[in-house]
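Scroll down for the structure; my scribbles are underneath it.
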Amino acid sequence: MMFEPTPLAGLTIVRAEKRTDDRGYFARLWCDHDFAAADILFRPRQISTSFNHVAGTLRGLHWQVGRDSETKIVRVTSGRVWDVAVDLRPGSKTALRWFGIELDSAEHTGLLIPSGFAHGYITLTDGAEVTYLIDTPHAPAAARGARYDDPALGITWPRAPAVVAPRDLAFPPLVVQPCG
Numbered sequence: 000m001m002f003e004p005t006p007l008a009g010l011t012i013v014r015a016e017k018r019t020d021d022r023g024y025f026a027r028l029w030c031d032h033d034f035a036a037a038d039i040l041f042r043p044r045q046i047s048t049s050f051n052h053v054a055g056t057l058r059g060l061h062w063q064v065g066r067d068s069e070t071k072i073v074r075v076t077s078g079r080v081w082d083v084a085v086d087l088r089p090g091s092k093t094a095l096r097w098f099g100i101e102l103d104s105a106e107h108t109g110l111l112i113p114s115g116f117a118h119g120y121i122t123l124t125d126g127a128e129v130t131y132l133i134d135t136p137h138a139p140a141a142a143r144g145a146r147y148d149d150p151a152l153g154i155t156w157p158r159a160p161a162v163v164a165p166r167d168l169a170f171p172p173l174v175v176q177p178c179g
């Protein structure tokens, strides 16, 4: 496994190293030893998935607060998405900055999103499926959100959304909400 830092501290691109032969390839998508060797303390406790029927489906921006704040790895298992993480950590030098990356099931690239970041994505293909490895079980009372088009964030999405959940559209403008 290969780990690439991003401009936002702690937000890390996780690349699988494929071993190929006549049959195809084999790649590890999670290895406790590799993460420990890279000084990344992450232990998944929950695995979740989302399936999206049409290109242009937008999910997010979501995060959890307090003791239920999540660190997660997001990986696309079918199709392609534009994945975004926003630094909401109080006192961070990159607070309110965002990072976006195209995740493609053919590449098996993941994004490690630390606690204190908001997360969202827009699908670039029909039938996109996203898998999440999460270190904390979902806690509805700790769930928070911000609008994908919040002017305080200025996220540049690669396309206009075709489908957005009413819940995601109802989030108020971000007023530097605490994450902890």
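Heads up, the sequence shown is in numbering that gives the first Met the number 0, so the first residue is 0 and it goes up one at a time.
Backbone N, C-alpha and C define an ideal beta-carbon position, used for all residues, glycine too.
Quick caveat, the model's predicted, so the values are computed rather than measured.
Taking all protein chains shown into account, T56 has 16 or more neighbouring C-beta atoms within 10 Å of its C-beta and is therefore buried. Annotated three-state conformation of L111 is strand, per DSSP. E101 is positioned such that its CB atom lies no closer than 8 Å to that of T48. For T19, the pairing in a beta bridge is given by DSSP as Y24. Counting only the Cα atoms, P43 lies some 30 Å from D148. Comparing alpha carbon positions, the residue from I154, R158, E69 closest to R146 is I154. Less than 8 Å divides the Cβ of Y120 from the Cβ of R58. Sequence-distant partners of D82 (beyond 5 residues in either direction) whose C-beta falls short of 7 Å from its own C-beta, in its chain, are V73, G99, I100, L102, L110, Y120.
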